[in-house]
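Please read the structure below before turning to the comments.
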Amino acid sequence: MNGADGPGNDVLAAFGVYPATLVRARARNASEGVVAAVDVLLGGRGGNDDGLTRALIALAGREAFGSAAAKAISAPVKEVTDVLEERDPAELLLSGADVVALFLAKRGSRIAFAYPGTSELALCDRLARVPGVRLVNSRGDKEAAFMAGGASSLRPCDGVAVLHAARGLTNACGAVGDLNRNEVGTLLFVGTPTTTSAPFIPPHGEPELLARVGAFAKWTYDPTPASSDSFGPDLAAEFVEKLVEAAETACTRPFGPALFGLPQDMAEKAWIPWELMAEQLDCAPHNDRTRELAVDERLIDELDAARRPVIIIDDYLLKYEQARPALRKFSDRLGAPVLQLRYTRGQMLFERLSTADVPNFIGWYNPDNAVHASVLEAADLLVTLEDRNMYPRVIGALPDCPKVAITSSAEKVRKNRYLGEGDFLVVDHVVSALRSLEDELAVRGRSGKPWFVGLLGRADRQVNGTNSGADRAAALVQRAIVSVIGEVLDSHPRPVLVDDSQMFGGLICEAYDSLPSRTRVMASHGGFIGSGIAFGTGLALAEPDALVLTTLGDQAFTNGVQGLAAAAQESSPVTFILCNNGGASSLTKQTLWDDEKSFNYGAHSFLENAPLLAYGGAAEAFGLSTTLIAFEPASGPEAITKASQVFAAALRSATKSRRPVLIELRLPPSGETWSNVWALPRDEAKVAEKREKHAANVRG
Numbered sequence: 002m003n004g005a006d007g008p009g010n011d012v013l014a015a016f017g018v019y020p021a022t023l024v025r026a027r028a029r030n031a032s033e034g035v036v037a038a039v040d041v042l043l044g045g046r047g048g049n050d051d052g053l054t055r056a057l058i059a060l061a062g063r064e065a066f067g068s069a070a071a072k073a074i075s076a077p078v079k080e081v082t083d084v085l086e087e088r089d090p091a092e093l094l095l096s097g098a099d100v101v102a103l104f105l106a107k108r109g110s111r112i113a114f115a116y117p118g119t120s121e122l123a124l125c126d127r128l129a130r131v132p133g134v135r136l137v138n139s140r141g142d143k144e145a146a147f148m149a150g151g152a153s154s155l156r157p158c159d160g161v162a163v164l165h166a167a168r169g170l171t172n173a174c175g176a177v178g179d180l181n182r183n184e185v186g187t188l189l190f191v192g193t194p195t196t197t198s199a200p201f202i203p204p205h206g207e208p209e210l211l212a213r214v215g216a217f218a219k220w221t222y223d224p225t226p227a228s229s230d231s232f233g234p235d236l237a238a239e240f241v242e243k244l245v246e247a248a249e250t251a252c253t254r255p256f257g258p259a260l261f262g263l264p265q266d267m268a269e270k271a272w273i274p275w276e277l278m279a280e281q282l283d284c285a286p287h288n289d290r291t292r293e294l295a296v297d298e299r300l301i302d303e304l305d306a307a308r309r310p311v312i313i314i315d316d317y318l319l320k321y322e323q324a325r326p327a328l329r330k331f332s333d334r335l336g337a338p339v340l341q342l343r344y345t346r347g348q349m350l351f352e353r354l355s356t357a358d359v360p361n362f363i364g365w366y367n368p369d370n371a372v373h374a375s376v377l378e379a380a381d382l383l384v385t386l387e388d389r390n391m392y393p394r395v396i397g398a399l400p401d402c403p404k405v406a407i408t409s410s411a412e413k414v415r416k417n418r419y420l421g422e423g424d425f426l427v428v429d430h431v432v433s434a435l436r437s438l439e440d441e442l443a444v445r446g447r448s449g450k451p452w453f454v455g456l457l458g459r460a461d462r463q464v465n466g467t468n469s470g471a472d473r474a475a476a477l478v479q480r481a482i483v484s485v486i487g488e489v490l491d492s493h494p495r496p497v498l499v500d501d502s503q504m505f506g507g508l509i510c511e512a513y514d515s516l517p518s519r520t521r522v523m524a525s526h527g528g529f530i531g532s533g534i535a536f537g538t539g540l541a542l543a544e545p546d547a548l549v550l551t552t553l554g555d556q557a558f559t560n561g562v563q564g565l566a567a568a569a570q571e572s573s574p575v576t577f578i579l580c581n582n583g584g585a586s587s588l589t590k591q592t593l594w595d596d597e598k599s600f601n602y603g604a605h606s607f608l609e610n611a612p613l614l615a616y617g618g619a620a621e622a623f624g625l626s627t628t629l630i631a632f633e634p635a636s637g638p639e640a641i642t643k644a645s646q647v648f649a650a651a652l653r654s655a656t657k658s659r660r661p662v663l664i665e666l667r668l669p670p671s672g673e674t675w676s677n678v679w680a681l682p683r684d685e686a687k688v689a690e691k692r693e694k695h696a697a698n699v700r701g
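For reference, each letter of the sequence shown is one residue, going 2 to 701 in the working numbering.
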């Protein structure tokens, strides 16, 4: 709350009193006395008390408000408290907007992103006034959802979003699905038409809106069928209970977005008894708690009997705060090597283990790696952890041995169809399960020595899981770029990398070990290209003590550029690193694999970038500082080294500025720079040779 009307006018902000209201109360005290002044402080439209302020007074105590208000309007404390004595909290009714704002502040949601229409104004007003919650105009619908997701990516429900009815929710539908796929726990409040107008389907309404879009969310509540005549105790109790359920569901693994419908009249009308809400405010906020696992003795027998167990994790496991130490103890106890699923097409850069975290880690799984193939061939037990995508197209064939899947989502494992009769499926908080299983194995005296060491052959464990196919100059460009990013991330105790790219992320994967092992990496398993600007902005606003870098592809910039409005407006401390390689190089690569003649052997302009769009100019128009740096492998080692030095200086300067900055890296559209990025079962050199011959014929 800003004291825009003068210094000292925000002294009652803790009670939801705007500075302008305090100015009016002081004037009323001078002209009409204390009673009139306190009425202004407590008043709402039509002479009714403001529910939010009254509730905040009830929480803090009349004495606290009386003392603060008396000082603020220069009145005796007793006269102020006497006015309060006349108001019985038991008779206080709150609006739906009051209840939502109070609940969010109590449970610790610190930031709300909104792009409102008329239906959401009451809720936005309460969020602007309730202490502890920062209200941000997201300047976009999908932007609000992605910013809330970014803000909640490290702490579930730390950020929430307010969306405008049908037009806002349908605009943000892709974001809802993407947050659900990536298991980001957040609350999305959807303002809807009044209960009296909803049957007529006004422009901002659609039949069964929340139910239909709710198919992409984890949980949905829509009270719209109720009429204003039914705003009674039963509906009030249901409303509050569903609000609590929304937060509990969003913050229970697997996390996910919860959609909460809020009709305009429910938001604006005072109809929910304060005492009903007060009971819920006494409840502790939900935390991601570990717990004891009820251990199946047959499972312990299976684990203990295994002589050559292998563990494969998906990066979803690394979303658990204590995943690394728990996995280390579990793998040490079993003597099992640990592999991590790698994504080699689409978005590829996801958080990865390191040998510093888990000494038994032998890399991103690569079926073509001889060491990895030998390890899996020898396995007599396979343990998968928090699997989401271990199906054949991604991971290849799994060994024909007993399997144990430990996950927070049974259905997301079952769809991958590798569990057979007699295999084990453990559905639980995965870190809790690992700790419990390790404890049980310790009781039995299991002390597994790493059985796989002899298969490694040489010290290089192929941690990245691939063998680079790039030539020397292209490899130098790759290493130069990723080394700079890694050095800057390593300069900060809380480094975070948000990736919204495909080829650029794949390039970083090739040198992942250049990143500090403590780096948190956020990327989209939903494949939404264009989420990164908003996601990174929201994360940086919610976690100002983190260093947030966001890597972008050029298509991601085009689809997500609207997010720069709020980034600049709020001075979000995020640095955007844009890879401009001239077009959709991943699609070009894929289409030439499918049909080498397609798009005129790749020479057609359809998959190239918009020719008149200057990324730096667009970012500057939003208020960002920008830098352009060209990396050209053909320019030679000295030029590449010089470009990397310029990049390092620009990146260090950007992160120290504590405001949004765009650094554009211009790279070649094709060639050796990308030769080992985006896996294809084909000799790319032959395709490139044919394309060049065709282009030469066209030129001739």
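C-beta atoms are modelled at their ideal positions from N, C-alpha and C, and glycine is treated no differently. Keep in mind that this is a model prediction, so the values were computed, not measured.
Of the candidates Ala146, Ile641, Leu435, Ile641 places its Cα closest to the Cα of Ile482. The Cβ atoms of Val478 and Pro634 lie closer than 8 Å to each other. Between Leu588 and Leu614, the gap from beta carbon to beta carbon reaches 8 Å or more. Counting along the chain, Lys413 sits inside no beta strand (DSSP E); it lies in the alpha helix (DSSP H) bounded by residues 411-415. With contacts defined by Cβ atoms closer than 8 Å, Met523 and Ser154 form a contacting pair.
Here Ser110 is buried. Its C-beta has 16 or more other C-beta atoms within 10 Å. Asn581: member of the beta strand (DSSP E) spanning 575-581, first to last residue.
The three-state secondary structure of Val678, taken from DSSP, is coil. Shortest Cα-Cα distance from Arg309 to any of Val384, Val137, Asn601 involves Val384.
At a cut-off of 3 residues, the continuous stretches assigned as beta strand (DSSP E) that sit fully inside the region 28-107 are 94-96. Per DSSP, the beta-bridge partners of Trp365 are Gln341.
Contact check between the region 592-600 and the region 561-569: fewer than three CB pairs, one atom from each, fall below 8 Å, which does not count as touching. In this structure the region 173-180 lies against the region 256-265, because at least three pairs of beta carbons, one per stretch, are closer than 8 Å.
The criterion of a C-beta distance shorter than 8 Å is satisfied by Leu124 and Val163. For Arg135, the beta-bridge partners assigned by DSSP are Ile112. Glu609 has Gly584 as its beta-bridge partners, per DSSP. Collapsing the DSSP output to three states places Asp500 in a strand. Our two residues, Ile530 and Gly506, have alpha carbons roughly 12 Å apart in a direct line. The residues Leu300, Val405, in chain order, have a CB closer than 6 Å to that of Phe425 in the same chain once the five nearest residues on each side in sequence are set aside.
Counted as a single uninterrupted DSSP element, the stretch harbouring Arg447 is not any alpha helix (DSSP H), since DSSP gives it neither H nor E. Around Glu352, the same chain offers Asp316, Leu319, Arg521, Val522 as residues with beta carbons nearer than 7 Å, after the five sequence neighbours per side are excluded. Residue ranges of uninterrupted beta strand (DSSP E) with 3 or more members, entirely inside the region 228-312 and ordered along the chain, are 258-264, 271-274. Between the beta-carbon of Ala535 and that of Phe147 there is about 4 Å, and that keeps the pair under the 8 Å contact cut. When beta bridges are read from the DSSP output, Leu23 appears opposite no residue.
In terms of Cβ geometry, Thr628 and Glu621 do not form a close pair [threshold 8 Å]. Beta-bridge pairing by DSSP links Ser626 to Val662. Rounded to the nearest angstrom, the Cβ distance from Leu42 to Val12 is 11 Å, too far for a contact under 8 Å.
Taking the Cα positions, Thr576 is about 5 Å away from Val662.
Taking Gly336 as reference, the option from Gln591, Trp452, Glu86 with the minimal CA-CA separation is Trp452. A check of alpha carbon separations from Phe217 across Val431, Gly175, Leu85, Lys657 identifies Gly175 as the nearest. Taking 8 Å as the cut-off, the beta carbon of Gly62 is found no closer than this to the beta carbon of Val81. Ranked by how close their Cα comes to the Cα of Asn367, the residues Leu399, Ala568, Asn361 have Leu399 in first place. The beta carbons of Ala102 and Val137 sit about 15 Å from each other, so the pair does not count as a contact at 8 Å.
Sixteen is the threshold: when 16 or more other Cβ atoms of the shown chains lie within 10 Å of the Cβ of Pro496, as they do, the residue is buried. Counting along the chain, Lys320 sits inside no beta strand (DSSP E), nor does DSSP assign it H or E at all. Per DSSP, reduced to three states, the secondary structure at Phe529 is coil, with no helix or strand assignment.
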